[in-house]
Structure formats: C-alpha cells, structure tokens
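One structure is given below, encoded as structure tokens.
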Amino acid sequence: MSLQGRHILLGVTGGIAAYKTPEIVRLLTAEGAEVRVVLTRAAGEFVAPKTLEVLSRHVVYSALFDRDAEFPVLHVGLAEWADLILLAPATAHCLGRIAGGLADDLLTSVLLCAGVPVLLAPSMEENMFANPAVEANVQTLAERGFRLLEPGVGPLASGAVGRGRMPEPAELVAAVAKHFSGDLDGLELLVTAGPTVEDLDPVRFISNRSSGKMGYAIAERAAARGARVWLVSGPTVLPAPAGVERQLVRSTRDMQRAVEALFEQVDGAILAAAPADYRAKEVAAQKIKRDAASRSIELVENPDIAAGLGRCKGQRLLVVFAMETEKGPERAREKLARKGGDLIVLNMLNDEGAGFAGDTNRVTLIDVEGQEEALPLLSKSAVADRILDWVRARRGV
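Plus 32 on top of the position in the sequence shown (first one is 1) and you've got the numbering used here.
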C-alpha cells in the first residue's frame, strides 16, 4: 500500500467514532499521503483539533469563513486541493444534509464543490441506519456517485450490539488506497487461506499450523490493487481484509464446495490454504475415552482441491503453493505438473524467517514454463505483491 503524494481531505462529523480519526490521519500520513482535516462544530466535541493538526501537520478548519485561511475561497480551495475526500464518521444528520444539497457549513460546501471521489463511512445506531429516511438518503448519495463503506457489526455507543459501527481506521485507509492502486482493475480472483479442520470426535480434530497470514495478505493486496476478491478461509483469528468477500469454512470438503462454486466466475485462483489431506473415516459421536493401551483411527483421503480445479480451469490462471522440508524445487515442479497449475509458490520450512505464523516469508516462484525466481526474505505483503505482479503480467491487465 502506498499513498505517496496523494491529497486526502478527511471530513469529520459529530459522532462518537470521531475519537478514531487521529489514528486515521496517522495511518494515512504513514503511507505517504498529505492530509487535511475539516471538522464540523459537533465533531469538535469528540476530538481535539490540535491533535489532528499535530498529526496532519496542517491547520484544521471548521469555519466556512476564515480570514487567515491559506486559500482565498476556503471551500473551493480545499475541494480543488483534494484527490479524494473521506467522510469519517458520517452521521445520519450529515448524510441527510449532503443528500439534500445543503451548504450551510464548511464541510457540506466543500462536498458540493468537489469533483473527486467521496467515501462515506457511516456511524450510527442500527435502528437509525435502517430508518427509511436514512436508507433513502444513502440511496440518493449512491446514485450521485458517493461510495458508501459498509458499516461494521459490533458494540454501539448505546451499549447495544448491531450494525452501524464505523469501519476501523486500517480498513478505511485500505479503502482509500484501493482508489489509487488500480493495476488489477477488472480482474476477479479467488483466494484460499488458512488450515482446515477434520473432526475426530466432539473434542479432537486433525489440522495443521497454517495461520492464514499469507493468503490473507494476497487477498488484501489484490483488493487494494483493484481486483474483486473472494476469500475462502479455514478457521483463523485474522479479520476479513477490507474490500474482500470472505466465506469461512471448516473442513476440506467444505472448502472444496465453496471453491468449486466460485471458480467458474473468476479469472483465476490463488490457493494459499493448507487443507488437511486426510480425515477420519468415521467421526465419533462422543468423546473418545483413554481406555486402551493403544488406539487406531482409520483415515481416508480428502479430495484434492487444486487438482480438481486444474482439470477444469480452461483459460483461468491457477496458482498453487508447496511447503517442503527437503528437495524443494524438484518436488514443487512435480506438484505443479500434477495439479495442472500455472505457477507454484515454494516455501521451504527450514528457511529462517519463512513458514507458519510469522509476518515474513522466503519463497521461490516456479511457473509452468520452468522459469524460477527465488525471492529474498520479504514481508508477506511484499510476497503477495510479487505473486500478483506475475498474475498481472500473465493476464495482461
């Protein structure tokens, strides 16, 4: 993610989620963006302008008429300066004023002048968001080209739990970045991630050490670069990446069904998950007791998801992964041919900084033509970008 040199105008309205705006400014500037902030009068009750000025390194404006402003006509100057406007939080009151075309303060005046993308991050109680008047305002704004960022579900200011939370700062920054990183625009990708779980009884199961971090990094970067992404994930503690349609599954057969249902509608699949190869022939209905000196559990082979897709992929791209402890390139090439893939990403578990759970990886990319590229130790996000660069070059997007 990079926003180097981008001009982001953050509009802050009077909702409790305004307390998160300093973190939004911090994350945007950390990505290289230049940020200016406009506060409504009510927003100043929730967040101190001085905090935002220190983090943005710019004066925070609230008044429509400011004789000391750096622009001769402040609302016009701010609208022309911005490459994108992020309204966070966007209260029900503010959405109604914008939909009604009001220009009775600095922020609404800027929005009427703006000819750039405007992202709206609603924040309100669930019943307010579901009110027909608010729904009509949202529909009106969508028809005019404003982009609504889906509110989250969780604890609300009233203490209730429901839909209406402003997306987290990192999600908002990812949504902003997506507008400036469109080299994968038009591409539709399926990504798998994480382990799968095969139950032995109500307590025990077979699984592996996959954390899902590599697959989630791929999904996040693909979405940030403009692709439409479906993520099929096994059990993991990771949150859904911003802008990604995630489906959670448990077993290998669950993952197979989800993947096969989506595969026909995408341009390619990147299979970073580590599905279990075997499952119990019979799952015990009750907890297996420790009442014998030894016990055997009969296992049966799970379906091979990658090979199944390889047999029916047609013109779609198929990227598979291999985790090895020895003879890595030799086994990876053999696996690529067996699965019918176009590219295999080889992880050597013994390499320092590679493997499960960490935030870095060291991989070798091997394609079906036999070309190999050994990457240095990189963050998993950077590895994801290198894989996506290959996909982009291969697809010609």
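We put the beta carbon where it would ideally sit given N, CA and C, even for glycine. None of these values were measured; they are calculated from a predicted model.
Where residue i falls, given that 16 or more other Cβ within 10 Å makes a residue buried
{"i": "residue 348", "result": "buried"}
{"i": "residue 374", "result": "buried"}
{"i": "residue 357", "result": "exposed"}
{"i": "residue 344", "result": "exposed"}
{"i": "residue 248", "result": "buried"}
{"i": "residue 104", "result": "exposed"}
{"i": "residue 412", "result": "buried"}
{"i": "residue 176", "result": "exposed"}
{"i": "residue 416", "result": "buried"}
{"i": "residue 121", "result": "buried"}
{"i": "residue 269", "result": "exposed"}
{"i": "residue 146", "result": "buried"}
{"i": "residue 281", "result": "buried"}
{"i": "residue 68", "result": "buried"}
{"i": "residue 402", "result": "exposed"}
{"i": "residue 57", "result": "buried"}
{"i": "residue 8", "result": "Residue 8 is absent from the structure shown; the chain starts at 33 and stops at 429."}
Alpha carbon of residue i to alpha carbon of residue j, nearest angstrom
{"i": "residue 169", "j": "residue 212", "result": "27 Å"}
{"i": "residue 70", "j": "residue 93", "result": "5 Å"}
{"i": "residue 429", "j": "residue 156", "result": "Reliability fails at residue 429, whose pLDDT of 48 lies under 50, so the model's placement of it is uncertain and no value is given."}
{"i": "residue 208", "j": "residue 328", "result": "54 Å"}
{"i": "residue 222", "j": "residue 106", "result": "45 Å"}
{"i": "residue 372", "j": "residue 252", "result": "26 Å"}
{"i": "residue 289", "j": "residue 246", "result": "22 Å"}
{"i": "residue 74", "j": "residue 128", "result": "15 Å"}
{"i": "residue 185", "j": "residue 400", "result": "43 Å"}
{"i": "residue 287", "j": "residue 226", "result": "11 Å"}
{"i": "residue 318", "j": "residue 230", "result": "15 Å"}
{"i": "residue 295", "j": "residue 341", "result": "8 Å"}
{"i": "residue 41", "j": "residue 380", "result": "45 Å"}
{"i": "residue 97", "j": "residue 135", "result": "13 Å"}
{"i": "residue 220", "j": "residue 424", "result": "11 Å"}
{"i": "residue 408", "j": "residue 258", "result": "26 Å"}
{"i": "residue 236", "j": "residue 330", "result": "15 Å"}
{"i": "residue 100", "j": "residue 165", "result": "38 Å"}
{"i": "residue 37", "j": "residue 117", "result": "15 Å"}
{"i": "residue 53", "j": "residue 90", "result": "15 Å"}
{"i": "residue 422", "j": "residue 276", "result": "20 Å"}
{"i": "residue 250", "j": "residue 178", "result": "27 Å"}
{"i": "residue 158", "j": "residue 48", "result": "14 Å"}
{"i": "residue 45", "j": "residue 214", "result": "29 Å"}
{"i": "residue 346", "j": "residue 61", "result": "44 Å"}
{"i": "residue 299", "j": "residue 113", "result": "37 Å"}
{"i": "residue 293", "j": "residue 192", "result": "36 Å"}
{"i": "residue 141", "j": "residue 133", "result": "9 Å"}
{"i": "residue 367", "j": "residue 285", "result": "21 Å"}
{"i": "residue 82", "j": "residue 426", "result": "49 Å"}
{"i": "residue 162", "j": "residue 55", "result": "28 Å"}
Supposed contact pair residue j and residue i - C-beta distance, whole angstroms, cut 8 Å
{"i": "residue 332", "j": "residue 313", "result": "5 Å"}
{"i": "residue 224", "j": "residue 291", "result": "6 Å"}
{"i": "residue 77", "j": "residue 39", "result": "Incorrect: roughly 27 Å between the Cβ atoms, too far for contact."}
{"i": "residue 316", "j": "residue 233", "result": "4 Å"}
{"i": "residue 84", "j": "residue 202", "result": "Not a contact, Cβ separation roughly 18 Å."}
Test item: CB-CB of residue i and residue j under 8 Å
{"i": "residue 187", "j": "residue 195", "result": "no"}
{"i": "residue 119", "j": "residue 43", "result": "yes"}
{"i": "residue 255", "j": "residue 261", "result": "yes"}
{"i": "residue 240", "j": "residue 306", "result": "yes"}
{"i": "residue 88", "j": "residue 64", "result": "no"}
{"i": "residue 204", "j": "residue 181", "result": "yes"}
{"i": "residue 384", "j": "residue 397", "result": "no"}
{"i": "residue 354", "j": "residue 243", "result": "no"}
{"i": "residue 228", "j": "residue 283", "result": "yes"}
{"i": "residue 115", "j": "residue 148", "result": "yes"}
{"i": "residue 352", "j": "residue 369", "result": "no"}
{"i": "residue 395", "j": "residue 420", "result": "no"}
{"i": "residue 138", "j": "residue 111", "result": "no"}
{"i": "residue 131", "j": "residue 72", "result": "no"}
{"i": "residue 153", "j": "residue 198", "result": "yes"}
{"i": "residue 238", "j": "residue 308", "result": "yes"}
{"i": "residue 50", "j": "residue 79", "result": "yes"}
{"i": "residue 334", "j": "residue 311", "result": "yes"}
{"i": "residue 206", "j": "residue 274", "result": "yes"}
Beta carbon proximity, residue i to chain D, threshold 8 Å
{"i": "residue 234", "result": "The structure shown has no chain D; it contains just one protein chain."}
| message | Quick check for students: name the residue ranges of the beta strand (DSSP E) that lie wholly in the segment 45-71, counting only runs of 3 or more. | response | 66-71
| message | My parser needs the beta strand (DSSP E) runs of 3 or more residues fully inside the segment 132-197; what are they? | response | 150-154, 184-187, 193-197
| request: Pick out the complete beta strand (DSSP E) segments inside the segment 349-389, 3 residues or longer, and give them in chain order. | output: 349-356, 375-380
| Can you list the beta strand (DSSP E) stretches of 3 or more residues lying completely in the segment 401-426, in chain order? | 404-406
| message | Which runs of the alpha helix (DSSP H) at least 4 residues long sit entirely within the segment 204-258? Give them in chain order. | response | 245-256
| said: I'd like the ranges of any beta strand (DSSP E) spanning at least 3 consecutive residues and lying wholly in the segment 257-333. | reply: 260-265, 276-280, 300-303, 310-312, 331-333
| Residue ranges of each beta strand (DSSP E) within the segment 80-137, 3 or longer | 116-122
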